[in-house]
Amino acid sequence: MRHRIAVVGGGPGGLTCARVLHRLGHPVAVLERDPARDARPPGGMLDLHEGLGQRALEKAGLLTEFRALARPEAQAMRILDTDGTVLRDWRPRPDDRSNPEIDRGQLRDLLLGPLDVRWGRHVTDVLPEPPDGTRVRFADGREETFDLVVGADGARSRVRPALSPTTPHYTGVTLVETSLDDVDARHPDLARLVGDGSMAVYGVNRGLVAQRNSGGHVKVYAQFRVPPEWHAELAATGTEAVRSRLLAMFDGWAAPVLDLLRRGTAFVSRPIHVLPVAHTWTHVPGVTLLGDAAHLMPPLGAGANLAMLEGAELAESVAAASGPEALDEAVRAYEERMWARAGRLAEITTAGLERLVSPDPAEAIALFDEVQPS
Ligand SMILES: Cc1cc2nc3c(=O)[nH]c(=O)nc-3n(C[C@H](O)[C@H](O)[C@H](O)COP(=O)(O)OP(=O)(O)OC[C@H]3O[C@@H](n4cnc5c(N)ncnc54)[C@H](O)[C@@H]3O)c2cc1C
C-alpha cells in the first residue's frame with residue numbers, strides 16, 4: 001500500500017526522511033519554500049554524531065559517501081583565555097570518527113541525490129481532515145491532499161499550528177555571525193589561531209567562537225546576553241556600526257581574538273529562540289513534526305542530528321505500515337519515541353547554553369572538560 005506522503009521542508013531532517021523513503025521505494029513529495037537548491041547560503045558546518053546523524057545516513061545508505069566528504073580533523077577544539085593564553089587544545093585521534101564536521105551545502109547535495117524536490121512551494125496552512133487526509137495550502141493559492149504531512153519546516157514551522165499553539169521564545173542569548181574567506185592565504189595568523197577545527201574564548205556573559213569550514217572559510221560567532229529590542233536597533237545600523245559595538249562589547253580581549261571581528265565581513269544577528277523543553281501535543285491523524293519544527297533547542301550540536309535520525313526512523317516506520325490504521329499507529333509510536341529523546345537533549349542543551357554564556361567563564365570550560373575525550 002502506497003501512502004500519499006508530503007514532507008514540508010528540505011532541511012537536513014526533511015531530506016533524510018525523503019531519502020530513506022526513496023531508498024525503500026516509497027513515493028514522497030518534498031515541498032520546499034526556497035525557489036532553488038542554491039537560493040541562499042547554506043550556513044556553517046554541522047558535526048554529525050555517530051549514534052545520531054551518522055546513524056541516519058547509514059539508514060539512507062549514504063555513510064560511505066559522507067565519510068569521504070566529512071572532516072574528522074575539524075573535531076579539534078581549542079579554548080583560549082580572554083588574554084589569549086591557550087587553556088585547552090584537544091586534537092582528535094587520526095581514527096576518531098565520532099563527530100566529524102560536514103559543510104551544510106555538501107550534506108544537502110548528498111541527501112538530495114535523486115530526490116525530485118518541488119522547489120518554490122511555500123506552505124501556508126495545513127488542515128487535517130481525517131479520515132480523508134490532510135490538506136496543504138500553498139502561498140500561490142493551490143491546495144493538495146496527502147495521507148500524511150510531515151512538518152520538517154524548521155523553527156517558524158507553518159505545519160506546527162495544526163498540532164500545537166506553542167511558539168518559540170527568545171532565550172536572552174544572541175549570536176552575531178561574521179566570516180572570513182581564504183584564511184590560509186589572506187589571514188594566515190588567524191588561520192593558525194583557529195586551527196583545524198574550532199576555537200573559543202569565554203568571558204563574563206559572553207563568548208567568541210570561530211570555526212573552520214571547508215575551502216579556507218572561517219565562521220565567527222560572537223555570543224552574549226541582550227534584550228530582544230537590541231535586534232531591531234542592530235538591523236537599523238550598518239556593518240561598521242555593528243563592528244564597533246561588538247568591539248566595544250569585547251573590549252580588553254586579546255588583539256588576535258578581536259582581529260576575528262575586525263576582519264570579518266558582513267554581520268548577521270541570530271537571536272536564539274527555543275521551544276519549551278518538553279514540547280508535545282495531542283496526536284492528530286495525518287500530520288506530524290520532526291526536527292526544529294517539533295523541538296527547537298539551543299544550537300549546541302544536537303538539532304540537525306536529531307532531525308536526521310527522526311526523519312530516517314519515521315520513514316522506515318511509515319514505509320512498513322500497510323493501511324491507514326497501521327500508518328497512524330506508526331506515527332503515534334514515532335512521536336512517543338521522538339518526544340522522549342528530544343526532551344532529554346533539549347534539557348542538556350538548555351543547561352549547556354546557560355553554562356556557556358554565564359557570569360562565570362569557568363563554567364564554560366568545565367562543560368567542555370565534561371564532554372571532550374580526555
Ligand atoms: C549557528 C548554528 C550552528 C549549529 N550547529 C549545529 C551542529 O553542529 N550540529 C547540529 O546537529 N545542529 C546544529 N545546529 C542546529 C541545526 O542547524 C538545526 O537544528 C537543523 O538545521 C534543523 O533541521 P530541520 O531539518 O529540522 O530544519 P531546517 O534546517 O530549519 O530546515 C527547514 C526547511 O524548511 C523550509 N521551510 C520553512 N518554512 C517552509 C514553508 N512554510 N513551506 C515550505 N518549506 C519551508 C526551509 O526553507 C528549510 O529548507 C546549529 C544551528 C545554528 C544556528
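Oh and the sequence shown: position 21 is 21 in UniProt numbering, straight run, nothing missing.
Yeah, the Cβ is synthetic: ideal placement off N, Cα and C, and Gly gets one too.
The structure displayed is predicted, hence computed values, not measured ones.
Opposing strand residues paired with residue i [DSSP bridges]
| i | result |
| --- | --- |
| Gln223 | Leu175, Gly207 |
| Ser269 | Val176 |
| Met77 | Trp90, Ser198 |
| residue 378 | Because the chain spans 1 through 374 in this model, residue 378 falls outside it and cannot be assessed. |
| Ala312 | None, per the DSSP bridge assignment. |
| Asp184 | Asp184 is not bridged to any residue. |
| Arg135 | Leu127, Thr145 |
| Tyr170 | His273 |
| Val318 | For Val318, which the question treats as bridged, DSSP gives no partner whatsoever. |
Distance CB(residue i)-CB(residue j) smaller than 8 Å
| i | j | result |
| --- | --- | --- |
| Thr124 | Gly133 | no |
| Gly84 | Ala364 | no |
| Val277 | Thr167 | no |
| Val136 | Leu314 | no |
| Leu127 | Ala162 | yes |
| Leu148 | Val331 | yes |
| Arg33 | His122 | yes |
Cβ-Cβ separation, residue j to residue i (assumed contact under 8 Å), whole Å
| i | j | result |
| --- | --- | --- |
| Asp47 | Gly301 | 5 Å |
| Asp189 | Gly9 | Contact doesn't hold; Cβ gap of about 40 Å is too wide. |
| Leu115 | Arg37 | About 10 Å separates the two Cβ atoms, so there is no contact after all. |
| Arg40 | Leu175 | Going by Cβ atoms, the distance from Arg40 to Leu175 rounds to 17 Å, so no, they are not a contact pair. |
| Arg243 | Leu261 | 6 Å |
| Pro256 | Leu193 | 5 Å |
| Pro42 | Trp119 | The Cβ separation is near 15 Å, so there is no contact. |
| Ala198 | Met77 | Strictly speaking, residue 198 in this sequence is Ser, with Ala absent from that position. With 8 Å as the limit, Ser198 and Met77 qualify as a contact, their Cβ atoms being about 5 Å apart. |
Please determine if the segment 349–359 and the segment 223–232 are in contact, where contact requires at least 3 C-beta pairs separated by less than 8 Å.
yes
Does the segment 179–189 touch the segment 237–245, meaning 3 or more C-beta pairs lie closer than 8 Å?
no
Quick test of the definition: if touching needs 3 or more C-beta pairs under 8 Å, does the segment 331–344 touch the segment 82–91?
no
Inter-stretch contact (C-beta, 8 Å, three-pair minimum) for the segment 305–325 and the segment 155–166:
no
Counting beta carbon pairs with one atom in the segment 95–104 and one in the segment 268–286, are three or more of them shorter than 8 Å?
no
Pairs of beta-carbons, one from the segment 201–215 and one from the segment 73–84, closer than 8 Å: are there three or more?
yes
Are three or more beta carbon pairs between the segment 312–331 and the segment 15–24 nearer than 8 Å?
yes
Is the segment 329–339 touching the segment 288–307, taking contact as three or more C-beta pairs under 8 Å?
yes
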